[in-house]
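Engineer: Pasting a structure below so you can have a look.
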Amino acid sequence: MLKSNLSLQPNRLGEAAINASRQVWLASLGAAVVTRDWMQTEAGGVFKALVKEGTVVESRAIRFVGDRIENSVAFANSVWKETRKTVESGVKQAADAAATIAHQVQQALPVTLPAFEMPGVAKTAKPTTARRATKAGKRSARGNVAKRTRRSRKAATKRG
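Count along the sequence shown starting at 1, add 1476, and that's the number in this note's numbering.
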């Protein structure tokens, strides 16, 4: 295996690294000076040309995006209108069908419904006018109060 002379001489390796980094530094300074000089003398026209080209590209992009958005909005509006017509038509058909069914049911029902009794419910007979008058005469104010008191006690007992 061959070994380099630099590995045997540590001082020379350190000097080479310092020299290389110094050369990079000096090259950077030179590039900055050249760029500054170029900007002061020649870059004005180039910079203006670049701005002009950028403006053209930007206006094309804005026009393209604007056209795409305009087309998308127009398409969305047409879909919305079609959807609205479809929904309105469906609702109208459902309402018409419901009205027809309601009319048919109304025609099928008799004018008066037959009376029927519920099982387990006692039928209450209405007292005649003469009976009512007799009962009203027999009751006194005191009797009514007593009856109400008994009823409220009964109800309280049932609840409690």
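Beta carbons: idealized from backbone N, C-alpha and C, even for Gly.
Quick check on DSSP: helix, strand or coil for Thr1517?
Structural biologist: In the structure shown, the three-state DSSP call for Thr1517 is helix.
Engineer: How big is the Cα-Cα spacing for Ala1493 and Thr1511?
Structural biologist: 27 Å
Engineer: Consult DSSP for Glu1593 and reduce its assignment to one of helix, strand or coil.
Structural biologist: coil
Engineer: Please report how far the alpha carbon of Thr1576 lies from the alpha carbon of Ser1565, in whole angstroms.
Structural biologist: As the crow flies, the alpha-carbon of Thr1576 is around 16 Å from that of Ser1565.
Engineer: So, with DSSP's three-state summary, where would you put Val1563?
Structural biologist: Shown here, Val1563 sits in a helix according to DSSP, grouped into three states.
Engineer: Roughly how many whole angstroms lie between the Cα atoms of Thr1588 and Arg1629?
Structural biologist: 43 Å
Engineer: If you draw a straight line from the C-alpha of Arg1488 to the C-alpha of Ala1496, how long is it?
Structural biologist: The alpha-carbon atoms of Arg1488 and Ala1496 are separated by roughly 12 Å.
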